[in-house]
Structures are given as structure tokens and as C-alpha cells.
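For the sequence shown, our numbering assigns the number 90 to the initial residue and increments by one for each residue that follows.
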Amino acid sequence: MVLVAHISDLHVGALAFKPELLVKAIHGINELNPDVTIITGDLTENGYYQEFVTAAEYVDTIETPILAIPGNHDARHVGDQCFNDIINRRCKKLNLKDKGIKIIGLDSSEPDLDYGKVGRVQQQYMEKELKKAGKDDLYKIIALHHHIIPVPQTGRERNVLSDAGDILQSLIDNRANLVLSGHKHMPHVWIMGETTFATAGTASSLKLRGKTYPSYNIVNIDDNRIEIILRDSEGKQLTLANIRTHR
Ligand SMILES: [Fe+2]
Ligand SMILES: [Fe+2]
């Protein structure tokens with residue numbers, strides 16, 4: 090069994106950022122002690138150096154191994170350089186092979202733009218890594234900021250990956266098991282073929298849609314089952330998915 094904490098869209102530096110929510114979420118994750126914590130972007134609001142420094146102070150309190158990838162907000166104001174300097178350094182080399190999983194992080198951000206793109210170079214890298222993991226019989230997780238399939242209750246779609254069709258085809262063809270993303274601040278799960286697509290809400294901001302609460306997801310991966318539990322800031326838990334899967 091592998092336990093994954095999936096948090097996203099911290100938005101440190103935003104007026105709507107609530108530090109107490111982030112502290113509480115990280116405390117909850119540390120108590121659970123998952124195998125890995127995956128942060129799918131928008132750690133900052135504007136990509137400013139000082140915002141990354143503050144975000145890193147929180148990230149440093151996460152006691153598990155971490156994989157973090159940038160979001161569109163992190164790519165503002167040449168924030169990608171700060172992301173590499175400050176956040177990437179905190180992501181220890183993940184070796185979860187003994188746990189039977191492989192996590193592939195992708196940067197879907199574009200400088201100063203809100204829409205996302207994986208691009209040909211990263212797509213080829215992803216396909217190579219998925220094939221390799223397939224040969225090793227590993228459970229394949231992809232993490233990227235932008236959603237690939239539109240998310241309900243998010244208004245007019247305009248931020249799905251610009252190369253979503255190609256990436257989706259590639260994920261299905263290469264039998265990715267789980268795709269984690271954020272961006273829309275709306276938790277949701279789609280299942281297509283053998284692949285589960287899970288988006289997380291915003292963990293620590295009030296940039297919310299309708300009557301939703303800040304939240305993060307816990308993913309429980311068993312040999313033939315995946316369970317995705319949403320934990321919201323009110324302390325409630327909701328099962329987003331509990332399905333049989335192939336390996
Ligand atoms: Fe966001
Ligand atoms: Fe975003």
C-alpha cells in the first residue's frame with residue numbers, strides 16, 4: 090500500500106492566503122505520515138522571490154519526501170528561476186521504486202501566462218519514463234499543475250492544456266495509473282480507460298468557487314484499488330473515488 094498526500098494551490102502572498110489553513114493541512118499530513126507529498130503548483134501568488142522564501146518555510150515543515158512542480162502563478166515575474174532555486178532544492182530525489190511506484194513531475198507553466206502546455210520535449214520525456222516504469226511494473230503517477238480534462242463547475246473552459254489532446258492520448262496509450270493536478274481550485278475525479286485523473290482544491294487560500302472549502306486530497310493506492318479522500322478545512326472528509334484498478 091502507498092499513501093500519497095496531494096496538496097495544491099497554496100497561493101502564498103495572496104490576500105486570500107490563510108497561513109493557519111496551511112499549518113493545519115501540513116500538520117494533518119505529518120500526522121498521517123504518507124510515503125510522499127505531492128504539491129501541484131501555485132505555491133505563490135505572483136512568483137516573487139520573497140513569496141517563494143515564505144512558501145519554502147512552510148514546505149520545510151512537511152516531514153515526508155516531497156515532489157513539487159510549478160503552476161502558472163509561480164511562473165509570473167520570472168518566478169521559474171526562484172522556483173528552481175528555492176523549491177526544487179527541497180524536493181529530495183524520490184526513490185519510491187521499492188514501494189512499487191514511479192512519480193513523473195511535469196512543468197506545464199508558461200511565463201506570465203495562465204494557460205498551460207506540456208510541450209513536445211516534456212511529452213517525449215514523459216512517454217520514455219512511462220514506458221520504462223511499465224517494463225518495471227511500477228504504478229505510474231503523473232503530476233502537473235494544469236488539468237487535462239475540463240473540471241465541472243469551473244465556468245467557461247479556457248485553461249485546459251493547449252496540448253491536452255496529445256497528452257491525454259499519450260497517457261492513455263502508456264497506461265498511466267494516476268494523474269494529479271490543481272489549478273482550478275475545484276476537487277474532482279475523472280476516470281478514463283485505466284487512468285484516474287484527480288484534481289485537488291486550494292489547500293490554504295480563500296480563492297474558492299461557490300460553497301467549497303479549502304482542501305487537499307489523500308490518495309490510498311492498493312494493489313487493485315485506489316481511494317481518493319478529500320479533507321477540507323472544516324475537518325470533514327469526503328470520498329472522491331474508491332475504485333478497482335489494474336496495475
Ligand atoms: Fe491556483
Ligand atoms: Fe493555477
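Heads up, the beta-carbon is just placed ideally off N, CA and C, and yes, glycines get one too.
Does the beta-carbon of residue i have 16 or more other beta-carbons within 10 angstroms, so that it is buried, or is it exposed?
{"i": "I192", "result": "buried"}
{"i": "M275", "result": "buried"}
{"i": "R245", "result": "exposed"}
{"i": "P108", "result": "exposed"}
{"i": "H272", "result": "buried"}
{"i": "N173", "result": "exposed"}
{"i": "P241", "result": "exposed"}
{"i": "V142", "result": "exposed"}
{"i": "A73", "result": "For residue 73 there is no data in the structure shown, the boundaries of the chain being 90 and 336."}
{"i": "N248", "result": "buried"}
{"i": "G282", "result": "exposed"}
{"i": "I261", "result": "exposed"}
{"i": "N338", "result": "In this structure the chain extends from 90 to 336, so residue 338 is not present and cannot be described."}
{"i": "G299", "result": "exposed"}
{"i": "V210", "result": "exposed"}
{"i": "N122", "result": "exposed"}
DSSP puts residue i in a beta bridge; with which residues?
{"i": "M281", "result": "T284"}
{"i": "E199", "result": "L202"}
{"i": "H95", "result": "I127 and N306"}
{"i": "D321", "result": "S304"}
{"i": "T328", "result": "I318"}
{"i": "Y228", "result": "I190"}
{"i": "R333", "result": "R314"}
{"i": "V101", "result": "T133"}
Between which residues of its own chain and residue i is the CB-CB distance below 7 Å, once the five residues before and five after are set aside?
{"i": "K188", "result": "V91 and D124"}
{"i": "S197", "result": "G205, K206, V207, L233, H234, H235 and L250"}
{"i": "L111", "result": "L99, Y147, A292 and S293"}
{"i": "R320", "result": "G117, S304, Y305, I307 and Q326"}
{"i": "P159", "result": "G130, D169, F172, D196, S198 and H234"}
{"i": "E216", "result": "S259 and N263"}
Residues in the same chain with beta-carbon distance under 6 Å from residue i, minus the five sequence neighbours each way, listed in chain order, please.
{"i": "E323", "result": "Y302"}
{"i": "L257", "result": "I237"}
{"i": "N119", "result": "E152"}
{"i": "E218", "result": "I193"}
{"i": "Y138", "result": "C171"}
Contact defined as beta carbons within less than 8 Å: I believe residue i pairs with residue j. What is the distance between those atoms, to the nearest angstrom?
{"i": "L132", "j": "L99", "result": "5 Å"}
{"i": "N263", "j": "K325", "result": "Going by Cβ atoms, the distance from N263 to K325 rounds to 36 Å, so no, they are not a contact pair."}
{"i": "N266", "j": "K229", "result": "5 Å"}
{"i": "I318", "j": "I307", "result": "5 Å"}
{"i": "T129", "j": "A330", "result": "That belief does not hold up - the Cβ atoms of T129 and A330 are roughly 17 Å apart, past 8 Å."}
{"i": "A114", "j": "S293", "result": "6 Å"}
{"i": "D149", "j": "R178", "result": "About 10 Å separates the two Cβ atoms, so there is no contact after all."}
{"i": "A287", "j": "H95", "result": "7 Å"}
Ignore the nearest five residues each way along the sequence and tell me which others in residue i's own chain have a CB closer than 8 Å to its CB.
{"i": "D201", "result": "A164, R165 and H166"}
{"i": "T285", "result": "N266, L267, V268, V278, W279, I315, I317, A330, I332 and T334"}
{"i": "L227", "result": "K186, G189, I190 and K191"}
{"i": "Q212", "result": "D252, D255, I256 and S259"}
{"i": "E134", "result": "H100, V101, G102, A103, F106, E140 and H162"}
{"i": "K296", "result": "D98, H100, A103, A105 and H274"}
Worksheet item: Which runs of the alpha helix (DSSP H), 4 residues or longer, sit entirely within the stretch 248-311?
Response: 253-262
Worksheet item: What residue ranges within the stretch 110-184 form continuous alpha helix (DSSP H) runs of no fewer than 4 residues, ordered along the chain?
Response: 138-148 and 168-171
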